[in-house]
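*Asks:*
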Amino acid sequence: MSTPSERTANIVLKTIAAGAQVVGLTKLSSMIGKEEPTEATDYHAPFNPRGDGYQSPAGSSSGSAAAVAAYSWLDFAIGTDTTGSARRPALVNGVFQMRPTYSRAFLDGIIPVYKPWDAPALFARDAKLLKNVISAWYKSNEIIRSDTSKDPPIIVYPLDYLPIKNECQMQLIDAFLADLSRSLSAEIHKVSIASIWEQNPPSNVGGQGIEQYLHDAYIHSNFHDYYYDSTEEFRTKYEEQYQKRPYVIPFVTWKWALGKAVTQDERDQALHRLEVYKTWFLDTIMQRQERETYLVMPIAEVAPNYRDVPPPPVKRPTGFDPLILSPILGAPDVVVPLGEYEYESRVSGCKEHLPVVIDIVGLPDSDFRLIDVISGCLEMSGRPTAVETGSRIFGQLTKTL
């Protein structure tokens, strides 16, 4: 079925041209989908080195994140992110991760999942390395947004997604936000996206609340294209060659079934709704014309997720899912390790530690400024600007709650 690739992805070529040495390939989830270790039927899932060593590495770019967390001789790794495929692994493997501003040029040579949301992703242990590598991906004549606003910066804290239930995790997040606020001289604006939509909605939404308006937008856009564009050629070739359907994990079977049922008209309507939401969010919540704005987002609640435990049944996603917000906006985001959450491991019988991170989203084209803001905050507040390999992200200096 597979044939050797005839070309190298654009961002890989640019990274090599900047002096990087490619040392190997990493594992990823099958069919570029969400896959837990017990679902990894054809190829064993990578091992997450954090905690007791038997936690899920998440996916789909699981191998990239796990490799950076495990090997000190590896400076960085490249993956992809569509709906959290890099941010989730960055969380559980406790590394820095950046998803850049959406650019079609970045997608050249990348196998698509859903092109409007697809993006390359960079994993590194050192925050300072993010800017060096991302710089190589941009053309020398490309202009990246700088801070030209006259009004003071703001940090948007969405009450729709925060706080989460893990109190220890929230203490680490809140402490970092206080440091970020001080380093930027920025106010933290706690807002309800849904309430602001209700008070000041876009025109022509028919009085629908935000969750109702976006209800099927995720499935009707992403799942449709995943079935009809991203994987149709594979299915067709396989069935022609073997006269049977290919094996795929249950998650992919479920996703295909939902995507197949979506009509082209439903898909086009979903894209329109997502574009309306994007414009409204950037103008109303992010205040892109007036402010230097940063949105803070959770990725998931931190809790043990052992690699030998099957995942819970999948839930039907909606367009208000927090993991698809930065993809909808086409905005850059950076995952920042903050500290650890202590738990009693049923594997080791000891107290172990899971990484805690925060995801920070900037305005489109603010990639370099976003990295500088994060690095500046870490340095000003005396926080580590790099994580270590192995079971604990900051060694014995880790902040644990």
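Following full-length UniProt numbering from start to finish, the sequence shown increments by one per residue and tops out at 401.
Cβ coordinates follow ideal geometry from the N, Cα and C atoms, glycine included.
Suppose contacts are defined by Cβ-Cβ distances below 9 angstroms. Is Ile196 in contact with Thr284 by that definition?
*Replies:* It is a contact, given that the beta carbons lie within the stated cut-off.
*Asks:* Considering only residues of the segment 165–223, which uninterrupted alpha helix (DSSP H) runs meet the minimum length of 4 residues and lie entirely inside it, listed in chain order?
*Replies:* With a minimum length of 4 residues, the continuous alpha helix (DSSP H) runs that stay inside the segment 165–223 are 167–184, 193–199 and 210–213.
*Asks:* So who's on the other strand from Val23, going by DSSP bridges?
*Replies:* Bridge partners of Val23: none, in fact.
*Asks:* Which of helix, strand or coil does DSSP assign to Ala386?
*Replies:* In this structure, Ala386 counts as strand in the three-state DSSP scheme.
*Asks:* I need the boundaries of the beta strand (DSSP E) containing residue 407, first residue and last residue.
*Replies:* Lying before the first or after the last residue shown, residue 407 is absent from the chain, which here runs from 1 to 401.
*Asks:* Between which two residues does the alpha helix (DSSP H) harbouring Lys131 extend?
*Replies:* Its alpha helix (DSSP H) spans residues Ala127 to Trp137.
*Asks:* Between the segment 167–176 and the segment 364–374, do three or more beta carbon pairs fall short of 8 angstroms?
*Replies:* Cβ pair count under 8 angstroms is below three, so no.
*Asks:* So for His44, helix, strand or coil by DSSP?
*Replies:* Coil at His44, not helix or strand.
*Asks:* Do you know offhand how far Ser375's Cα is from Asp118's?
*Replies:* One C-alpha to the other measures close to 26 angstroms.
*Asks:* Counting along the chain, where does the beta strand (DSSP E) carrying Gly339 start and finish?
*Replies:* From DSSP, the beta strand (DSSP E) with Gly339 extends over Asp333 to Glu344.
*Asks:* Quick one: residues in its chain with C-beta nearer than 7 angstroms to the C-beta of Met380, no 5 flanking neighbours on either side, listed in chain order?
*Replies:* Here the set comprises Ser183.
*Asks:* Check Thr398 in the structure and name its three-state DSSP category.
*Replies:* Note that Thr398 has pLDDT 47, beneath the 50 cutoff, so the model's placement of it is unreliable and no number is given.
*Asks:* For Phe394, collect the residues of the same chain with a Cβ closer than 6 angstroms to its Cβ; drop the 5 residues on either side in sequence, then sort them by chain order.
*Replies:* The residues are Pro384.
*Asks:* Could you give the distance in angstroms between the alpha-carbon of Leu401 and the alpha-carbon of Tyr341?
*Replies:* At Leu401 the pLDDT is 48, less than 50, meaning the model places this residue with poor confidence; the figure from the coordinates comes in the next sentence. Those two C-alpha atoms are separated by around 6 angstroms.
*Asks:* Quick one: Cα of Thr41 to Cα of Tyr247, how far?
*Replies:* Answer to the nearest angstrom: the Cα atoms are 10 angstroms apart.
*Asks:* Go to Gln264, then tell me how far its beta strand (DSSP E) extends in each direction, as first and last residue.
*Replies:* Looking at the DSSP string, Gln264 is not in any beta strand (DSSP E); the run it does join, the alpha helix (DSSP H), is Gln264 to Trp280.
*Asks:* Below 8 angstroms, how does it come out for the segment 302–319 and the segment 72–81: are there three or more Cβ pairs, yes or no?
*Replies:* No contact exists between the segment 302–319 and the segment 72–81.
*Asks:* Give every residue of the same chain whose Cβ lies closer than 8 angstroms to the Cβ of Asn141, excluding the five residues on either side of it in the sequence, and list them in chain order.
*Replies:* Below a pLDDT of 50, predicted positions are generally treated as unreliable, and Asn141, at 49, falls in that range; no measurement from the model is reported.
*Asks:* How should Ser56 be labelled, buried or exposed, when 16 other C-beta atoms within 10 angstroms of its C-beta is the threshold for buried?
*Replies:* Buried is the call here.
*Asks:* What residue range is occupied by the uninterrupted beta strand (DSSP E) comprising Asp52?
*Replies:* Here Asp52 belongs to no beta strand (DSSP E), and DSSP marks it neither H nor E.
*Asks:* Given that a residue counts as buried once 16 or more other Cβ atoms are within 10 Å of its Cβ, and exposed if not, what is Ile249?
*Replies:* So Ile249 counts as buried.
*Asks:* Under a three-way DSSP split, which group does Tyr294 fall into?
*Replies:* In the structure shown, Tyr294 sits in a strand (DSSP, three-state: E or B).
*Asks:* If you reduce the DSSP assignment to three classes, tell me which class Glu239 lands in.
*Replies:* DSSP places Glu239 in helix when its eight states are reduced to three.
*Asks:* Going by beta-carbon coordinates alone, are Thr15 and Ala136 separated by less than 9 angstroms?
*Replies:* Yes, the Cβ-Cβ distance between Thr15 and Ala136 is below 9 angstroms.
*Asks:* In whole angstroms, give me the CA-to-CA distance for Asp229 and Gln264.
*Replies:* Cα to Cα, the separation comes out at about 12 angstroms.
*Asks:* Going by beta carbon distance, what residues of the same chain come within less than 8 angstroms of Ala17, once the five residues before and after it are set aside?
*Replies:* So the list reads Ala136, once near-sequence residues are dropped.
*Asks:* State yes or no: is the C-beta of Ser62 within less than 9 angstroms of the C-beta of Leu28?
*Replies:* A contact, by the Cβ cut-off of 9 angstroms.
*Asks:* Taking all protein chains shown into account, do 16 or more other C-beta atoms lie within 10 angstroms of the C-beta of Val156, making it buried, or fewer, making it exposed?
*Replies:* Buried: at least 16 other Cβ atoms inside 10 Å.
*Asks:* Can you grab the Cα-Cα spacing for the pair Pro310 / Pro89, in whole Å?
*Replies:* So the two alpha carbons sit approximately 17 angstroms from each other.
*Asks:* Pairs of beta-carbons, one from the segment 92–107 and one from the segment 47–55, closer than 8 angstroms: are there three or more?
*Replies:* Touching, per the Cβ criterion.
*Asks:* Indicate whether Pro313 and Tyr343 have their beta-carbon atoms separated by less than 9 angstroms.
*Replies:* Result no, Cβ atoms of Pro313 and Tyr343 do not sit closer than 9 angstroms.
*Asks:* Which residues share a DSSP beta bridge with Gln97?
*Replies:* Gln97 is bridged to Phe123 and Val335.
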